[in-house]
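4 protein chains.
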Amino acid sequence: MSETLQRRQIFRLSRERRVADIMEAAKAVFLEKGYQEALISEIAARADVVEGTIYRYFENKRDLMIKVVERWYDEMLSDFDQQLKGIRGTWNRLRFMIWKHLVTIEREPALCRLVFQELRPGPEYTSTMVFELNREYTKRTLEIIEAAMASGEFRKDVPLRVVRDLIFGCVEHHTWSYIRGIGTIDVDKTADTIAEIIYRGLAATPVRDDSDLATRLERAVERLEKLNPPEA
Amino acid sequence: MSETLQRRQIFRLSRERRVADIMEAAKAVFLEKGYQEALISEIAARADVVEGTIYRYFENKRDLMIKVVERWYDEMLSDFDQQLKGIRGTWNRLRFMIWKHLVTIEREPALCRLVFQELRPGPEYTSTMVFELNREYTKRTLEIIEAAMASGEFRKDVPLRVVRDLIFGCVEHHTWSYIRGIGTIDVDKTADTIAEIIYRGLAATPVRDDSDLATRLERAVERLEKLNPPEA
Amino acid sequence: MSETLQRRQIFRLSRERRVADIMEAAKAVFLEKGYQEALISEIAARADVVEGTIYRYFENKRDLMIKVVERWYDEMLSDFDQQLKGIRGTWNRLRFMIWKHLVTIEREPALCRLVFQELRPGPEYTSTMVFELNREYTKRTLEIIEAAMASGEFRKDVPLRVVRDLIFGCVEHHTWSYIRGIGTIDVDKTADTIAEIIYRGLAATPVRDDSDLATRLERAVERLEKLNPPEA
Amino acid sequence: MSETLQRRQIFRLSRERRVADIMEAAKAVFLEKGYQEALISEIAARADVVEGTIYRYFENKRDLMIKVVERWYDEMLSDFDQQLKGIRGTWNRLRFMIWKHLVTIEREPALCRLVFQELRPGPEYTSTMVFELNREYTKRTLEIIEAAMASGEFRKDVPLRVVRDLIFGCVEHHTWSYIRGIGTIDVDKTADTIAEIIYRGLAATPVRDDSDLATRLERAVERLEKLNPPEA
DNA sequence: GATGAATGAGAATTCATTCAT
DNA sequence: GATGAATGAATTCTCATTCAT
Numbered sequence: 051m052s053e054t055l056q057r058r059q060i061f062r063l064s065r066e067r068r069v070a071d072i073m074e075a076a077k078a079v080f081l082e083k084g085y086q087e088a089l090i091s092e093i094a095a096r097a098d099v100v101e102g103t104i105y106r107y108f109e110n111k112r113d114l115m116i117k118v119v120e121r122w123y124d125e126m127l128s129d130f131d132q133q134l135k136g137i138r139g140t141w142n143r144l145r146f147m148i149w150k151h152l153v154t155i156e157r158e159p160a161l162c163r164l165v166f167q168e169l170r171p172g173p174e175y176t177s178t179m180v181f182e183l184n185r186e187y188t189k190r191t192l193e194i195i196e197a198a199m200a201s202g203e204f205r206k207d208v209p210l211r212v213v214r215d216l217i218f219g220c221v222e223h224h225t226w227s228y229i230r231g232i233g234t235i236d237v238d239k240t241a242d243t244i245a246e247i248i249y250r251g252l253a254a255t256p257v258r259d260d261s262d263l264a265t266r267l268e269r270a271v272e273r274l275e276k277l278n279p280p281e282a
Numbered sequence: 051m052s053e054t055l056q057r058r059q060i061f062r063l064s065r066e067r068r069v070a071d072i073m074e075a076a077k078a079v080f081l082e083k084g085y086q087e088a089l090i091s092e093i094a095a096r097a098d099v100v101e102g103t104i105y106r107y108f109e110n111k112r113d114l115m116i117k118v119v120e121r122w123y124d125e126m127l128s129d130f131d132q133q134l135k136g137i138r139g140t141w142n143r144l145r146f147m148i149w150k151h152l153v154t155i156e157r158e159p160a161l162c163r164l165v166f167q168e169l170r171p172g173p174e175y176t177s178t179m180v181f182e183l184n185r186e187y188t189k190r191t192l193e194i195i196e197a198a199m200a201s202g203e204f205r206k207d208v209p210l211r212v213v214r215d216l217i218f219g220c221v222e223h224h225t226w227s228y229i230r231g232i233g234t235i236d237v238d239k240t241a242d243t244i245a246e247i248i249y250r251g252l253a254a255t256p257v258r259d260d261s262d263l264a265t266r267l268e269r270a271v272e273r274l275e276k277l278n279p280p281e282a
Numbered sequence: 051m052s053e054t055l056q057r058r059q060i061f062r063l064s065r066e067r068r069v070a071d072i073m074e075a076a077k078a079v080f081l082e083k084g085y086q087e088a089l090i091s092e093i094a095a096r097a098d099v100v101e102g103t104i105y106r107y108f109e110n111k112r113d114l115m116i117k118v119v120e121r122w123y124d125e126m127l128s129d130f131d132q133q134l135k136g137i138r139g140t141w142n143r144l145r146f147m148i149w150k151h152l153v154t155i156e157r158e159p160a161l162c163r164l165v166f167q168e169l170r171p172g173p174e175y176t177s178t179m180v181f182e183l184n185r186e187y188t189k190r191t192l193e194i195i196e197a198a199m200a201s202g203e204f205r206k207d208v209p210l211r212v213v214r215d216l217i218f219g220c221v222e223h224h225t226w227s228y229i230r231g232i233g234t235i236d237v238d239k240t241a242d243t244i245a246e247i248i249y250r251g252l253a254a255t256p257v258r259d260d261s262d263l264a265t266r267l268e269r270a271v272e273r274l275e276k277l278n279p280p281e282a
Numbered sequence: 051m052s053e054t055l056q057r058r059q060i061f062r063l064s065r066e067r068r069v070a071d072i073m074e075a076a077k078a079v080f081l082e083k084g085y086q087e088a089l090i091s092e093i094a095a096r097a098d099v100v101e102g103t104i105y106r107y108f109e110n111k112r113d114l115m116i117k118v119v120e121r122w123y124d125e126m127l128s129d130f131d132q133q134l135k136g137i138r139g140t141w142n143r144l145r146f147m148i149w150k151h152l153v154t155i156e157r158e159p160a161l162c163r164l165v166f167q168e169l170r171p172g173p174e175y176t177s178t179m180v181f182e183l184n185r186e187y188t189k190r191t192l193e194i195i196e197a198a199m200a201s202g203e204f205r206k207d208v209p210l211r212v213v214r215d216l217i218f219g220c221v222e223h224h225t226w227s228y229i230r231g232i233g234t235i236d237v238d239k240t241a242d243t244i245a246e247i248i249y250r251g252l253a254a255t256p257v258r259d260d261s262d263l264a265t266r267l268e269r270a271v272e273r274l275e276k277l278n279p280p281e282a
């Protein structure tokens, strides 16, 4: 009661350092509380700054949230294109895209929840980096399909949009409860299953059976391809 | 405004009638504004009652929203089982379930948005009639799959959960922008496409076979050749 | 949902019976919840009438509470005067008044709480039967003191008001936590102690010691008096 | 009202000053209206801040009330211990404690009313500074009694709790109507009287003795005679 | 650049009481 | 006499954002 209230020591940190501190604190609070429940005051307290300082670096609460999600999303997906280049075969490449999406969700369910429930429904979503990255990711996925259609591996009479919806819709629906904190997901098995169904569903040449000679050879080749990537 | 000091003319209506009036007004306001933006005062004004009257029939704003959604959902899905009984064949039955879901969204996108964005994320969702009805709907859908597996029409090595996620995830992902009020959906064509891909994806006996062994082996070899090009 | 809402069977009961039902229900609810928290709707439900009916018999919630307390208070204190007549000796009579007060509190702490915390602080208290009965009770108590002063047993230089405050203040302070539902009270012992201190405090002739001859004789006589009450 | 659309002129005061302003305003409003009737909006208006500002410094209305009472209580009782040290003799010390209590009530009856009627009945009372201070005050009072018992000045067969209840119960009962704004109290005289009665009530050696054995025996006999009258 | 005090609009909810039926 | 639907005033507390210092 006597003299506990003394002026906070003011540290002048570099802009980058301040921004990083705030984003880290914001990430933690957003993940714990969700967007609505998160308080600017708590973020400020955890970042060891006052509320006003946050507004020097971020326009408003929503902007802060978007920036937090964007940075993470970027880190998460930055390398997928590089990795994809090392994979050969429609099935493998398709499976990789599904697997990557699942892994992303598995690693950061709370952030994905933020994206799905807070960021995506908002009106500014399309002007977001997250939107851009998703678009890129979707584009790559559909390129795999297009290539397979061009080569005759897949039927050509299927709208790409629906394929996109099958893939991403299924993954999101599947991880729904995991994202809410209930249960677990088996990333590898699920990726296999989804890839298999969609592959078969689109295949021009029916995938008769796993014991089928041609199939087995094709899979063997695909595995070979993965082991010896051409340029990587 | 002219006579603020006198008691509003009291009309005594039956419970049913009042409830119906309030729910109608609430539905309109919720669909126009969304849950958060909807004001109890506006609902009351439109239903021509005072705010307190709403609280005689509904516990709170959220309860009101849930009741509104539930009633509509019930009406919407009440007959699907009856209709399904008249349809034969796995493909047709599967397509019907997908089609029904699409039609529901097409007819009431704003209500679906309420369900997807407001009701489902909430903690009380699982104790909701909407949850029950969805569960029922999903059960019927998977029964079609199970029957086809039992009869040998579908492969047996696919987890039902993933099939469920493919179907409903795809439909929801596909209607995403329509629900936000952007664009249109072609219910029939989409139902066809989704049903077709999933059917083929699960079929035990390949649907068609327009590729011969030799062709496939050649393609595999070509890919192998590309992998280890002569000049490397 | 089908037909549970049917018109309540209307029983026409005598006025007395209705009032009794409502008061009983009200007493229960007031004691459980306190005045503020008690709901007219709950009282109505327990009495098996609708809210409106309560207002036919009682002016308002406060009036109902007062009536409930009054009836009980009346029952509780109705016989004290009769009992007092059977008791002889200043000490014994004083002790009886204290004991009676303590017993009242011990038997109905929740009702006393209502009186002390809700009824007494209100502005209408003095026009209440409870006030009248208390006044009566206080009057009898002070008559004992006055008589003892007149006979020379007590000093005459003590304001009666202070004696009143000592007696009732002490009892209420002593039972404070018991009334809040904490702990117990030993009515007999406490009555003895309080009576003894006040008696000695007021005694003209000092109460020297318990071994003092006169005191012992007086006490013996008092016990004799109690054993053979004149008219009871 | 003339300029509702522009931001109120902001005056930045130190935390201490603002808190002091708010507490002063709150004290005034609580004393005038009582806790229930007091409006945060009125307190804000009097302190010349907006309502939100109050919530920056106080958790809620109740917290504000408690803080207001605590500060005053602390000021009021802070010096009693010091003063007590200067007083010698059981009677004098006892009288001082009673007198101090009476003076406190006389000076701030409205605040006492707040304590007795709002603060003390609440569930958080025991975690309050007021509770602590009262406990301290009571302890000091009983130490006087204990010392007198130890020295043989007072009888040892009286439970301290009852002595505490006599003192504080009597004072509170005595000031009851003054606290409600009716009448006056004569602090000095009342303190004398209460101290005297309690002192005599507890004294081991009788204070005075102006009545002889013969008289007392005669009185006892008279009473016996009345009890069994010759004609019965 | 940092501070942190101050803003201020809101908006759901309660429940005693009334009175048309 | 009983019903019970309807009234409606009234008030706390939140917290993102601003801006004087």
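Chains as they are written, first to last, in my numbering: chain A, 51 to 282; chain B, 51 to 282; chain C, 51 to 282; chain D, 51 to 282. C-beta atoms are modelled at their ideal positions from N, C-alpha and C, and glycine is treated no differently.
Q. Tell me which same chain residues have a C-beta within less than 6 Å of the C-beta of A97/A, skipping the five on either side of it?
A. D71, I72, A75
Q. Assuming D207/A contacts H223/B under a Cβ cut-off of 8 Å, what Cβ separation, rounded to an integer in Å, is found between them?
A. At roughly 20 Å, the Cβ-Cβ gap does not stay under 8 Å, so D207/A and H223/B are not in contact.
Q.
Tell me the residue span of the alpha helix (DSSP H) that contains K111/A.
A. 111 to 127
Q.
I'd like to know whether the C-beta of A70/C is nearer than 8 Å to at least one C-beta of chain D.
A. no
Q. Quick one, are the C-beta atoms of V212/C and L192/C less than 8 Å apart?
A. no
Q: Report all residues from its chain with a CB closer than 7 Å to the CB of A282/D; omit the five preceding and five following residues, and keep chain order.
A: Note that A282/D scores a pLDDT of 40, beneath 50, so its modelled location is shaky and nothing firm can be said.
Q: Mind checking who D204/D pairs with in its DSSP beta bridge?
A: In the sequence under discussion, the amino acid at residue 204/D is Phe, which differs from the Asp named in the question. BP columns for F204/D point to A253/D.
**Q.** Reduced DSSP category for A198/D - H, G, I as helix; E, B as strand; rest coil
**A.** helix
Q: Measure the C-alpha to C-alpha separation of E109/A and E82/B and round it to an integer number of angstroms.
A: 28 Å
Q: In angstroms with no decimal places, state the Cα-to-Cα distance between R112/D and S177/D.
A: 13 Å
Q) So V119/B packs on V69/B, CB below 8 Å; how close in whole Å? A) 15 Å between Cβ atoms; not a contact.
Q | From E87/B, Y107/B, Q86/B, E156/B, residue whose alpha carbon lies closest to that of E66/B | A | Y107/B
Q.
Which residues in chain C have a C-beta closer than 7 Å to the C-beta of D215/D? List them in chain order.
A. C220, H223, H224
Q: Compare the C-beta of P7/A against all C-beta atoms of chain B and say whether one is closer than 8 Å.
A: The structure shown does not extend to residue 7/A, since chain A is modelled only from 51 through 282, so no value can be given for it.
(Q) Please report whether the beta-carbon of I244/B lies at a distance below 8 Å from any beta-carbon of chain A. (A) yes
(Q) Here's a check: name, in chain order, each residue in its chain whose Cβ is nearer than 8 Å to the Cβ of S91/A, leaving out the five neighbours to either side. (A) E101
Q: Determine the contact status of E196/C and L210/C, defining contact as a CB-CB distance below 8 Å.
A: yes
Q.
If I follow the unbroken alpha helix (DSSP H) through I148/B, where does it start and stop?
A. 140 to 157
Q | Reduced DSSP category for T137/B - H, G, I as helix; E, B as strand; rest coil | A | Before going further, note that residue 137/B is Ile rather than Thr in the sequence given. It is coil, neither helix nor strand.
Q) Using 8 Å as the Cβ pair cut-off and three pairs as the minimum, do the segment 238 to 247 of chain C and the segment 231 to 238 of chain D touch? A) no
Q: Run the CB neighbour count on K189/D, radius 10 Å, all protein chains shown included, and call it buried at 16 or more, exposed below.
A: exposed
Q) Are the Cβ atoms of A151/A and V221/A separated by less than 8 Å? A) The displayed chain sequence assigns His, not Ala, to residue 151/A. Against a cut-off of 8 Å, the Cβ pair of V221/A and H151/A comes out as a contact.
Q.
Can you confirm whether Q167/C, when its beta carbon is compared against all beta carbons of chain D, has any partner nearer than 8 Å?
A. yes
(Q) Spatial neighbours of K283/A within its chain, please: C-beta separation below 6 Å, excluding the five flanking residues on both sides. (A) Outside the modelled stretch of chain A, which goes from 51 to 282, sits residue 283/A, for which no answer is possible.
Q) Can the beta-carbon of Y85/C be found closer than 8 Å to that of L164/C? A) yes
**Q.** For I148/B, the nearest candidate out of T255/B, A254/B, L63/B, F218/B (CA to CA)
**A.** F218/B
Q: Buried or exposed for T255/D, please, with buried defined as at least 16 other CB atoms from any protein chain shown within 10 angstroms of its CB.
A: exposed
**Q.** Reduced DSSP category for A245/D - H, G, I as helix; E, B as strand; rest coil
**A.** helix
Q: Could you tell me whether the Cβ of G251/D comes closer than 8 Å to any Cβ of chain C?
A: yes
Q: Give a yes or no on whether the minimum CB-CB distance between P159/D and chain C is below 8 Å.
A: no
Q. For G139/A, is the classification buried or exposed, using 16 other Cβ atoms within 10 angstroms of its Cβ as the cut-off for buried?
A. buried
Q: Name, please, each residue of chain B whose Cβ falls closer than 8 Å to the Cβ of I247/A.
A: V208, V212, V213, L216, I248, G251, L252
(Q) Quick check for students: name the residue ranges of the alpha helix (DSSP H) that lie wholly in the segment 76 to 108 of chain B, counting only runs of 4 or more. (A) 90 to 97, 101 to 107
Q: Please work out which residues of its chain come closer than 8 Å, Cβ to Cβ, to R143/C, disregarding the five sequence neighbours upstream and downstream, and give them in chain order.
A: L134, I137, I194
Q) Along the chain, where does the alpha helix (DSSP H) that runs through Y283/C open and close? A) Residue numbering for chain C in the displayed model covers 51 to 282; residue 283/C lies beyond these limits and cannot be assessed.
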